[in-house]
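J.: Heads up: the sequence shown at position 37 corresponds to 33 in the numbering used here, and the numbers run straight through without jumps.
Cβ atoms here follow ideal geometry from the backbone N, Cα and C, with glycine treated the same way.
Small disclaimer: the values here were computed from a predicted structure and weren't measured.
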Amino acid sequence: MHPAAPELISPRSPRVVAARRLAKRNFRGKERLFLAEGPQAVREAAGYEDTLVEVFATVEAAERYADIIGAARDAGARVHLAAEQVIEDISTTVTPQGLVGVCRFLDTPFDEILAARPKLVAVLAHVRDPGNAGTVLRCADAAGAEAVVLTDASVDLYNPKAVRASVGSLFHLPVAVGVPVEHAVAGLRDAGVRILAADGAGEHDLDAELDEGTMGGPTAWVFGNEAWGLPEETRALADAVLRVPIHGKAESLNLATAAAVCLYASARAQRAAGGCRSVTKA
């Protein structure tokens, strides 16, 4: 039995044109839709209620990922079989994997995040690189953070590179967007969360903080720009500015690596009985 012929032959199809426009931020904002590329992202979107709108798939991809196509249909999404050229036109990757989903925005109002009384939050202030933003979101998800906040000075959450770099974590935890950093810090502090800023020039050492046993409570980490870190006015908002100690000869850590270290340090401290204590103390 021969597979069905592609339904969307022409890249000029209205559905294809509409999807392709979502690579641009202004169209994403207007339609409140974004692209999720590849089988992992489409699978995650299909499992998130009322998120996946439609899926474009080559015949080969539809056969290879029949379970994902089935999940998409079960989620109410329209599935379009498409020529490879159509997928290439919609996709923003150099080597598309044959599946592209169109999803509804799923950011969470900041007030809802505060109402949930989170214990671990990542705040991305002045983070401009979409790959870094997505990777930090993934790190936050892996460390068990309960929310991520992108300030109004940070990159668009739905940039295709950010979505890909999150590797599905975008669908796993609440994310607030466009929050002024001052408002984010004030709201989290009022909710009983301690504010820690991560900066290579921080006056306090992360290891020392762990040894003192002060990191077991609700915590929000504020991460800054990839190139210049946090501006002084943002550093001043924090309860403490911590640096990740460099024990070897490396000049520094990149943003995502530093974020992973900081978030996991807090996660470990929060899970330890009575808070984190140094193994050198009695």
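Have a look at the DSSP bridge pairing and note the partners of Asn221.
T.: Looking up residue 221 in the sequence shown gives position 225. Gly225, per the DSSP bridge assignment.
J.: Compute the beta-carbon to beta-carbon distance between Leu120 and Ser150, rounded to the nearest angstrom, for a pair I have assumed lies under 8 Å.
T.: Along the sequence shown, read from residue 1 onward, the residue named residue 120 stands at position 124. Along the sequence shown, read from residue 1 onward, the residue named residue 150 stands at position 154. So it is a contact: roughly 5 Å between Cβ atoms.
J.: Tell me which same chain residues have a C-beta within less than 6 Å of the C-beta of Tyr154, skipping the five on either side of it?
T.: Counting from one through the sequence shown, the residue named residue 154 turns up at place 158. For Tyr154, where only same-chain residues beyond five positions count, the Cβ hits under 6 Å are Arg24, Phe30.
J.: Only counting runs of 4 or more residues, tell me where the alpha helix (DSSP H) segments fall wholly within the region 122 to 158, in order along the chain.
T.: Whole alpha helix (DSSP H) segments, 4+ residues: 126 to 139.
J.: Just to confirm the assignment: which complete beta strand (DSSP E) runs, minimum length 3, are found wholly within the region 48 to 103?
T.: Whole beta strand (DSSP E) segments, 3+ residues: 48 to 53, 74 to 77, 95 to 100.
J.: Could you tell me which of Ser262, Ala172, Val237, Ala194 sits nearest to Ala111, measuring between CA atoms?
T.: Sequence index remark: in the sequence shown, residue 111 carries index 115 (1-based). Of the candidates Ser262, Ala172, Val237, Ala194, the one whose C-alpha sits nearest the C-alpha of Ala111 is Ala172.
J.: So Ala172 is in the alpha helix (DSSP H); what residue range does that whole segment cover?
T.: By one-based count along the sequence shown, residue 172 stands at place 176. Ala172 -> not in any alpha helix (DSSP H); beta strand (DSSP E) instead, spanning 171 to 175.
J.: Give the DSSP-derived three-state secondary structure of Leu116 in the structure shown.
T.: Here residue 116 is taken as the residue at index 120 of the sequence shown, counted from 1. Residue state, collapsed to three classes: strand.
J.: If you count every other CB in all the chains shown that lies within 10 Å of the CB of Asn22, and 16 or more means buried, which is it?
T.: Taking the first residue of the sequence shown as 1, we reach residue 22 at position 26. Asn22 comes out exposed.
J.: At a cut of 8 Å, does the region 202 to 211 reach the region 254 to 267 through at least three beta carbon pairs?
T.: The answer is yes - the region 254 to 267 touches the region 202 to 211, with three or more Cβ pairs under 8 Å.
J.: Return the bridge partner residues of Glu280 from the DSSP annotation.
T.: Past the edges of the chain, shown from -3 to 278, lies residue 280, and the structure says nothing about it.
J.: Return the residue from the list Val49, Pro10, Ala143, Asp85 that minimises the CA-CA distance to Asp70.
T.: Reading the sequence shown from its first residue, position 74 is the one you call residue 70. Considering only alpha carbons, the answer is Val49.
J.: Under the rule that 16 or more other beta-carbon atoms within 10 Å means buried, what is Arg134, buried or exposed?
T.: For this step, residue 134 is matched to residue 138 along the sequence shown. Classification of Arg134: buried, given that the 10 Å Cβ count is 16 or more.
J.: How should Pro126 be labelled, buried or exposed, when 16 other C-beta atoms within 10 angstroms of its C-beta is the threshold for buried?
T.: Stepping through the sequence shown from its first residue, residue 126 is reached at position 130. Counting Cβ neighbours within 10 Å, Pro126 comes out buried, since at least 16 surround it.
J.: Indicate whether Leu95 and Ala53 have their beta-carbon atoms separated by less than 9 Å.
T.: Along the sequence shown, one-based indexing puts residue 95 at 99. Along the sequence shown, one-based indexing puts residue 53 at 57. Cβ atoms of Leu95 and Ala53: closer than 9 Å.
J.: Flag this pair as yes or no: are the beta carbons of Leu259 and His122 separated by less than 9 Å?
T.: Translated into the one-based positions of the sequence shown, residue 259 becomes position 263. Translated into the one-based positions of the sequence shown, residue 122 becomes position 126. No, Cβ-Cβ distance for Leu259 and His122 is not below 9 Å.
J.: DSSP on Ile191, reduced to helix/strand/coil?
T.: Sequence index remark: in the sequence shown, residue 191 carries index 195 (1-based). It is a strand residue.
J.: Comparing C-alpha positions only, which one of Ala136, Glu84, Val98, Ala268 sits nearest to Ala75?
T.: Here residue 75 is taken as the residue at index 79 of the sequence shown, counted from 1. With the sequence shown as reference, residue 75 is identified as Val, and Ala is not the correct amino acid for it. For the residues Ala136, Glu84, Val98, Ala268, the minimum Cα distance to Val75 belongs to Val98.
J.: Below 7 Å CB to CB, which residues in the same chain sit around Pro156 once its five sequence neighbours on both sides are set aside?
T.: Working through the sequence shown from its first residue, we reach residue 156 at position 160. Ala19, Leu31, Glu33, Thr88.
J.: Which of helix, strand or coil does DSSP assign to Thr253?
T.: As a position in the sequence shown, residue 253 is number 257, starting the count at 1. Helix.
J.: Between the region 193 to 206 and the region 231 to 240, do three or more beta carbon pairs fall short of 8 Å?
T.: At 8 Å Cβ cutoff, the stretches touch.
J.: Just tell me which of Ala141, Arg28, Leu251, Leu102 has its CA closest to the CA of Ala216.
T.: Translated into positions along the sequence shown, residue 216 becomes position 220. Nearest option by C-alpha distance: Ala141.
J.: State yes or no: is the C-beta of Ala118 within less than 9 Å of the C-beta of Val144?
T.: The sequence position of residue 118 within the sequence shown is 122, counting from 1. The sequence position of residue 144 within the sequence shown is 148, counting from 1. The answer is yes: Cβ separation under 9 Å.
J.: Quick check on Gly271: does DSSP put it in helix, strand or coil?
T.: What you label residue 271 is simply residue 275 of the sequence shown in a count that begins at 1. In this prediction, Gly271 has a pLDDT of 46, which is less than 50 and means its spatial position is unreliable; what the coordinates show is noted afterwards. Three-state result, Gly271: coil.
J.: Less than 9 Å separating the beta-carbons of Ala255 and Val175?
T.: Indexing the sequence shown from 1 puts residue 255 at position 259. Indexing the sequence shown from 1 puts residue 175 at position 179. No, the pair does not count as a contact, with Cβ atoms beyond the cut-off.
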